[in-house]
Amino acid sequence: MLGNKVTDNQGQDSDTRLRALAAQRIAIEGVSIEIDGGRFPAKAVAGQPAAIEADIFSDGHDSIAAAIRWHRAGDDGGAQEARMVFLENDRWAGTVTFPENGFFDCTILAWRDLFTTWHKEVTKKLAAGQRIGLELEEGRRLVQSAVDEGAGGEARATLVGLLAADAAYAEATGDDASTDAARFARMGDASVLALMQQVGPRTNLTEYKTLTVFADRRAAAFSAWYEIMPRSQSGDENRHGTFDDVIARLPYVRDLGFDVLYFPPIHPIGKTNRKGRNNSLTAQEGEPGSPYAIGSEAGGHDALHPELGSFEDFRRLIAAAKDHGLEIALDFAIQCSPDHPWIREHPEWFDWRPDGTIKFAENPPKKYEDIVNVHFYRGALPDLWYALRDVVLFWVDQGVRIFRVDNPHTKPFPFWEWLIEEVRAKDPGVIFLAEAFTRPKVMKRLAKLGYSQSYSYFTWRNEKQEIIDYLTELTQEECREYMRPNFFVNTPDINPRFLQSSGRPGFRTRLVLAATLGGNYGVYNGYEICEAAAVPGKEEYLDSEKYQIRAWDMNQPGNIQDDIRLMNRLRQSHPALQDFTNLTFYKASSDKVLSYGKQTGNDFVLIHVNLDPHNTQVFEFEVPLWEFGLPDEASVEVRDLIHGNSFTWHGKNQWLELEPHSRPYAIWQLFAPGVPR
1 MLGNKVTDNQ GQDSDTRLRA LAAQRIAIEG VSIEIDGGRF PAKAVAGQPA AIEADIFSDG
61 HDSIAAAIRW HRAGDDGGAQ EARMVFLEND RWAGTVTFPE NGFFDCTILA WRDLFTTWHK
121 EVTKKLAAGQ RIGLELEEGR RLVQSAVDEG AGGEARATLV GLLAADAAYA EATGDDASTD
181 AARFARMGDA SVLALMQQVG PRTNLTEYKT LTVFADRRAA AFSAWYEIMP RSQSGDENRH
241 GTFDDVIARL PYVRDLGFDV LYFPPIHPIG KTNRKGRNNS LTAQEGEPGS PYAIGSEAGG
301 HDALHPELGS FEDFRRLIAA AKDHGLEIAL DFAIQCSPDH PWIREHPEWF DWRPDGTIKF
361 AENPPKKYED IVNVHFYRGA LPDLWYALRD VVLFWVDQGV RIFRVDNPHT KPFPFWEWLI
421 EEVRAKDPGV IFLAEAFTRP KVMKRLAKLG YSQSYSYFTW RNEKQEIIDY LTELTQEECR
481 EYMRPNFFVN TPDINPRFLQ SSGRPGFRTR LVLAATLGGN YGVYNGYEIC EAAAVPGKEE
541 YLDSEKYQIR AWDMNQPGNI QDDIRLMNRL RQSHPALQDF TNLTFYKASS DKVLSYGKQT
601 GNDFVLIHVN LDPHNTQVFE FEVPLWEFGL PDEASVEVRD LIHGNSFTWH GKNQWLELEP
661 HSRPYAIWQL FAPGVPR
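Going by the UniProt record's numbering, the sequence shown opens with residue 1, and the numbers climb by one from there.
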């Protein structure tokens with residue numbers, strides 16, 4: 001019978017459910033920053049605009065409006081709003097600039113905008129010659145409701161004045177068809193419409209659930225890394241490098257244009273099962289061993305290798321690097337030499353075999369005899385978790401705010417979520433780079449858990465279509481909201497096969513791709529001299545400095561230092577190259593040429609790269625005139641960013657030749673009409 005209340009199995013009656021559902025009349029779906037139903041925060045950069053999108057729609061044809069409400073987490077009294085605009089197909093977008101590094105709570109608001117609906121309908125009726133007397137009264141009531149429901153200050157005064165003027169005009173002229181247009185010209189003026197859209201009643205206001213965004217500092221999204229082994233910086237293979245030797249190298253690194261200087265582990269190295277040259281199972285007297293075999297009688301993860309120097313020396317290095325515009329990044333490798341103090345002090349943190357021997361690390365069939373792994377549960381929980389957290393915080397206290405984490409995918413997900421949150425509670429500007437070359441979903445999970453940057457498959461994407469497919473995934477799919485790749489061209493562990501056979505052109509090609517496709521990219525030293533000698537049949541360096549001290553001559557003939565300087569200079573001077581997700585691929589007739597562009601504001605950079613290090617490519621390409629609203633036959637002003645000359649391209653289709661040994665890439669800046677060069 002009508003009006004009867006029915007109770008569901010949660011104890012709610014039908015009237016309560018009815019009213020709760022009726023209040024949420026607007027549908028809000030597909031919110032871009034909602035990661036796994038809100039389980040994880042999306043990422044943004046403090047001080048830089050962040051786009052937030054959602055599907056927003058309602059029944060019928062009424063106009064709707066939407067906004068993003070946001071505030072610093074834990075400070076809902078300081079809430080702000082950013083209005084959203086309609087894109088297409090019920091997709092809406094708004095932009096928020098989070099002012100500082102930290103967590104922010106966001107939600108989407110949507111409502112029926114009755115005054116805008118009224119304005120559209122009355123405009124049509126008036127144009128059709130219909131009387132709008134009643135409609136004008138409806139408009140008056142909507143304006144009055146804005147006054148009654150809280151419009152204040154100048155807005156209230158404007159609306160009150162509008163109502164008074166309309167009433168006086170209507171009284172003086174009477175209700176006549178000839179006065180309709182004049183009254184609507186006043187009440188439906190564009191300025192009144194804009195004001196009512198700001199302060200008018202929010203009918204059927206619907207609020208989405210609260211979602212969290214973490215705003216990183218800029219270096220998390222835009223950085224250029226240079227990796228060195230500090231022990232190889234003396235210039236003499238027979239002398240172990242020191243922190244003072246590294247300080248002497250700082251001008252060179254900064255001159256190349258890098259802003260992060262990254263060290264593999266700098267801790268004491270164990271002697272038990274120490275590796276020799278080229279990963280030999282037996283080290284000769286004096287061989288330094290792998291820096292990843294952490295721990296000896298000199299200490300563990302919170303100690304320095306004695307031959308590098310003291311903590312006073314290290315802090316002096318941190319200060320000198322800062323003076324050169326560089327940040328020091330350290331490796332956080334959770335593995336231990338059999339000589340690590342923890343094994344004696346906390347045997348419950350390690351795995352032991354039935355015969356009482358400790359189990360060294362394995363990834364069958366690979367064996368790592370010089371290291372053993374901790375385990376994270378059983379007797380290790382929670383003390384090991386606290387100990388590892390305190391290791392990171394110890395180095396933060398020394399002035400380190402960037403950590404490259406070795407093999408995080410082999411450690412528990414809950415541990416990383418907890419540790420990163422604990423560290424950020426002390427310093428939200430600490431950056432974590434996940435060195436996880438593993439399955440896609442695992443890599444993405446680590447990014448969701450809080451990693452600021454992620455290694456990626458870029459190192460092995462060499463063909464045109466696979467680069468397009470992979471970069472489209474990273475820049476256009478949901479992972480763009482939480483995963484920031486760092487495109488390393490090589491690492492001490494990875495000597496890519498492409499580089500082994502490509503010669504100097506291939507090194508230049510991969511450099512340009514990494515530096516211009518990625519917001520973050522990295523180079524391991526030796527890349528600038530096209531170091532490619534490999535262990536036969538493997539993606540490993542011959543005479544790797546993971547197992548020996550090297551002396552480098554970076555000025556030898558054939559080096560590509562100038563290319564590196566150019567890339568880093570262009571990255572710093574062009575806002576378009578400082579974003580990652582603004583990437584668009586364009587047509588080039590050769591399947592060996594990648595054509596792509598990036599645009600931020602008025603800065604538009606177009607890039608062509610010859611992916612074939614052995615053969616010249618002559619190809620036709622499309623100038624993206626449509627990006628400027630220009631027809632195919634239009635002209636556009638162009639600057640060659642390599643040589644500095646300027647000229648005009650006439651028409652959409654142009655031809656270009658890229659010879660790999662002279663220069664396998666071209667970089668252009670395009671100027672929209674009216675934009676000064």
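Glycine is no exception: its CB is placed at the ideal position from the N, C-alpha and C atoms.
Under the three-state reduction of DSSP, which class applies to residue i: helix, strand or coil?
i, result
"Pro252", "In the sequence as displayed, the identity of residue 252 is Tyr instead of Pro. If DSSP states are grouped into helix, strand and coil, Tyr252 belongs with the helices."
"Arg639", "strand"
"Ala146", "helix"
"Asp15", "helix"
"Cys106", "strand"
"His119", "helix"
"Lys366", "strand"
"His650", "strand"
"Pro230", "helix"
"residue 686", "Nothing in the structure corresponds to residue 686, since the chain is present only between 1 and 677."
"Glu659", "coil"
"Phe222", "coil"
"Leu261", "strand"
"Ser178", "helix"
"Ile467", "helix"
"Glu237", "coil"
"Tyr457", "helix"
"Phe98", "coil"
"Gly299", "strand"
"Ile494", "strand"
Given a cut-off of 9 Å on the beta-carbon distance, is the pair residue i and residue j in contact?
i, j, result
"Glu434", "Val405", "Contrary to the premise, residue 434 reads as Ala rather than Glu in this sequence. In this structure, Val405 lies closer than 9 Å to Ala434 by Cβ."
"Leu499", "Ala532", "yes"
"Ile228", "Val246", "yes"
"Ala321", "Glu327", "yes"
"Asn568", "Ala515", "yes"
"Ser595", "Ile607", "yes"
"Val45", "Arg217", "yes"
"Gly286", "Tyr547", "no"
"Gln561", "Leu261", "no"
"Ala672", "Phe621", "no"
"Ala110", "Ala67", "yes"
"Phe507", "Phe488", "no"
Kindly indicate which residue of the options has the alpha-carbon position closest to the one of residue i.
i, options, result
"Glu422", "Leu393, Leu446 and Ile402", "Leu393"
"Asp390", "Lys426, Gln80, Glu540 and Asp113", "Lys426"
"residue 678", "Gly257, Phe103 and Pro264", "Any answer about residue 678 is impossible in this case: the structure gives the chain only from 1 up to 677."
"Pro230", "Asn278, Cys106, Leu641 and Leu317", "Leu317"
"Ala221", "Met483, Val96 and Val523", "Met483"
"Arg639", "Thr158, Gly651, Gln669 and Gln476", "Gln669"
"Asp166", "Asp189, Pro664, Glu154 and Gly150", "Asp189"
"Arg445", "Gly30, Arg19, Thr16 and Arg39", "Arg39"
"Glu237", "His661, Pro49 and Trp552", "Trp552"
"Ile33", "Thr173, Phe214 and Leu162", "Phe214"
"Thr95", "Ile52, Lys587 and Arg439", "Ile52"
"Asn653", "His643, Pro288 and Leu625", "Leu625"
"Asp59", "Asn204, Thr282, Leu330 and Leu250", "Asn204"
"Ser456", "Val430, Ser502, Phe413 and Leu517", "Leu517"
Could you spell out where the alpha helix (DSSP H) holding residue i opens and where it closes?
i, result
"Glu88", "Careful: Glu88 lies outside any alpha helix (DSSP H), inside the beta strand (DSSP E) at Val85 to Glu88."
"Gln197", "Ala190 to Val199"
"Ile269", "Per DSSP, Ile269 belongs to no alpha helix (DSSP H) and is neither H nor E."
"Gly161", "Gly153 to Thr173"
"Arg315", "Phe311 to Asp323"
Could you give the residue range of the beta strand (DSSP E) that holds residue i?
i, result
"Ile56", "Pro49 to Phe57"
"residue 678", "Given that the chain is displayed from residue 1 to residue 677, the structure contains no residue 678 and the question cannot be resolved."
"Trp626", "From DSSP, Trp626 is part of no beta strand (DSSP E); its letter is neither H nor E."
"Glu207", "Thr203 to Glu207"
"Leu670", "Tyr665 to Phe671"
"Glu417", "No beta strand (DSSP E) contains Glu417, which is instead part of the alpha helix (DSSP H) from Phe413 to Lys426."
"Thr242", "Element bounds for Thr242: n/a, residue is neither H nor E."
"Phe214", "Leu211 to Asp216"
Does the beta carbon of residue i come closer than 9 Å to any beta carbon on chain D?
i, result
"Tyr665", "You won't find chain D in this structure, because it holds only one protein chain."
Relative to the ligand FAD, is the shortest distance from any of its heavy atoms to the C-beta of residue i smaller than 8 Å?
i, result
"Pro485", "The model depicted lacks the ligand FAD and carries no ligand whatsoever."
Complete beta strand (DSSP E) runs within the segment 558-615 (minimum length 3 residues, chain order): 583-586, 593-600 and 603-610
Return the chain-ordered ranges of every alpha helix (DSSP H) run that is complete within the UniProt region "Disordered" (273-297) and spans a minimum of 4 residues. none
Mind listing, in chain order, the continuous alpha helix (DSSP H) runs of no fewer than 4 residues lying wholly within the segment 497-557? 497-517
Where are the beta strand (DSSP E) runs, 3 residues long or more, that stay fully inside the segment 341-386, in chain order? 360-363 and 366-372
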